[in-house]
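In terms of this note's numbering, the sequence shown is residues 1075 to 1203. Backbone N, C-alpha and C fix where the C-beta goes; we use that ideal spot for every residue, glycine too. Structure first, commentary second.
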Amino acid sequence: MSSQSRILRLHTLSESQFSKDILALSLLVVLPFIYFWRVTLGQQVWYTRDILGSYYPYAVEYARALVAGRIPLWTPLIQCGFPLLAEGEVAVFYPTRPLLLTLMPAHFALSYEVLLHLAWMVCGMYLFV
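What follows is the structure, given as structure tokens:
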């Protein structure tokens, strides 16, 4: 069944089947937060090779720019100077990144972003597969 036919089928479902789909989707979205409960509760963070070497320093500098109220064009504190706005991995224009970085420290923000991506992935898997 193609993804387009699955979406069309969702529109023609009975109310009981639709409520079952909503319940299943809700349980699947909560599953990453339960499985990685230590990350959800802030007792652990994802802090491995790529996160440690690049994503975390970028997020810290981006958070500093947000707190200072400036556009993160450039930082002299990474290597010999680094163009934050030009680097795609900094995710300056990604919707969840500035929101999470203003609400919590960078290490928690990166971990919660991974959890949100897992929840988003589960939604896509359920709706389009």
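### Message
Just to confirm my understanding: we take Val1113, look at its own chain, exclude 5 residues before and 5 after, and list those with CB closer than 6 Å. What are they?
### Response
By the criterion of a C-beta distance shorter than 6 Å, Val1113 is surrounded in its chain by Ser1185, once the five residues flanking it on both sides are discounted.
### Task
Please say whether Ala1180 and Ala1137 have beta carbons closer to each other than 7 Å?
The Cβ-Cβ distance between Ala1137 and Ala1180 falls below 7 Å.
### Message
Quick check on Thr1149: does DSSP put it in helix, strand or coil?
### Response
strand
### Query
Going by Cα to Cα distance, which pick from Lys1094, Thr1149, Phe1110 is closest to Ala1193?
Phe1110
#### Entry: Residue of Pro1106, Ala1142, Glu1161 minimising C-alpha distance to Pro1131
Glu1161
### Message
What does the Cβ neighbour count give for Arg1123, buried or exposed, with the cut at 16 atoms within 10 Å?
### Response
With fewer than 16 neighbouring CB atoms inside 10 Å of its own CB, Arg1123 falls in the exposed class.
### Task
Please name the residue, chosen from Glu1187, Met1178, Pro1157, Ile1152, that lies closest to Tyr1168 on a Cα-to-Cα basis.
The shortest C-alpha separation from Tyr1168 is found at Glu1187.
### Residues near Leu1097 in its chain [Cβ-Cβ closer than 7 Å; skip 5 each side]
none
### Task
Look at the alpha carbon of Pro1157 and the alpha carbon of Ala1133, and state the distance between them as a whole number of angstroms.
13 Å
### Message
Taking the straight line between their C-alpha atoms, what separation do you get for Gln1153 and Leu1147?
### Response
15 Å
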